[in-house]
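The block underneath contains the structure these notes are about, expressed in structure tokens.
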Amino acid sequence: DTGVSQDPRHKITKRGQNVTFRCDPISEHNRLYWYRQTLGQGPEFLTYFQNEAQLEKSRLLSDRFSAERPKGSFSTLEIQRTEQGDSAMYLCASSTTAERSNNEQFFGPGTRLTVL
Amino acid sequence: ILNVEQSPQSLHVQEGDSTNFTCSFPSSNFYALHWYRWETAKSPEALFVMTLNGDEKKKGRISATLNTKEGYSYLYIKGSQPEDSATYLCARRPGNKLTFGTGTQLKVEL
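Chains as they are written, first to last, in our numbering: chain A, 2 to 117; chain B, 4 to 113.
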């Protein structure tokens, strides 16, 4: 299977703890995106990378959030000092800049975070 | 329209019914409109990417149209089946990031 994968699928943590999620994109895709979906809302953009460069960050991405893509392949999203408001589904997507791709983004299954 | 809006929020239909949903979006600075189907516990599945005014795309029993001048897209499902039950999301793309609506939740009953 060469789809986007995310790990873990579920994470339950206590308020104040740090958590880290991993995303493995489709292998030939050079762009990688993180989105967050809270209950009753559509997914909201957090940040994206082209290769290893982080090109855009949303205002939603507070100082407690950090994302990396050190070798231009997999990415990690870390949340420090988690708060109950961080409870959400965290989605990763990838795309290619190849011509005719229309920047179609392919999503992973998400990591559901619950902060108690 | 300032944001991406979808209607209805939810829909229950009988197997075999045809149905349609609406996605409204700001018409300025338009680049592309994406449709996704998201079943519970699965990854959102890309259905269509639409870029040109008047675009019509089809995938099996599902089709979509696009009007960029007035800022709307329709998604049609012909002869709904229980496996069509999912949340259908549209997203506007001005640049590289997607701005999503809140989705239409479809339930197809036997």
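Glycine residues also receive a C-beta, built at the ideal position from the N, C-alpha and C atoms.
Spanning the alpha carbons of B:F51 and A:V116 requires a straight line of approximately 35 angstroms.
Counting only the Cα atoms, B:C93 lies some 14 angstroms from B:E42.
Between the alpha carbons of A:E84 and B:G106 lies a gap of roughly 26 angstroms. For a Cβ distance threshold of 7 angstroms, residue set A49 of chain B lies close to A:F107, ordered along the chain. Shown here for B:G82: same chain residues with a beta carbon closer than 7 angstroms to its own, the five before and five after excluded, namely G19, S21, R64 in chain order.
The three-state reading of DSSP puts A:Q85 in helix, counting H, G and I together. Secondary structure of A:D25 (DSSP, three-state): strand. For secondary structure counted as the beta strand (DSSP E) over 3 or more consecutive residues, the stretch 17-56 of chain B holds these complete runs in sequence order: 22-27, 35-41, 48-53.
B:L92 belongs to the set of residues whose beta carbon lies under 7 angstroms from a beta carbon in chain A. Of A:Y49, A:A54, A:Q81, the smallest CA-CA separation from A:D64 is found for A:Q81. Where A:Q51 is concerned, the enclosing beta strand (DSSP E) starts and stops at 45-51. Contact check for B:M53 against B:L78 fails: the beta carbons are separated by 7 angstroms or more. Taking a cut-off of 8 angstroms on C-beta distances, the stretch 54-72 of chain A does not touch the stretch 8-19 of chain B, as fewer than three cross pairs fall below it. Under the Cβ criterion of 7 angstroms, A:P44 is counted among the residues facing chain B. Residue contact check for B:S10 against chain A: no CB pair falls below 7 angstroms.
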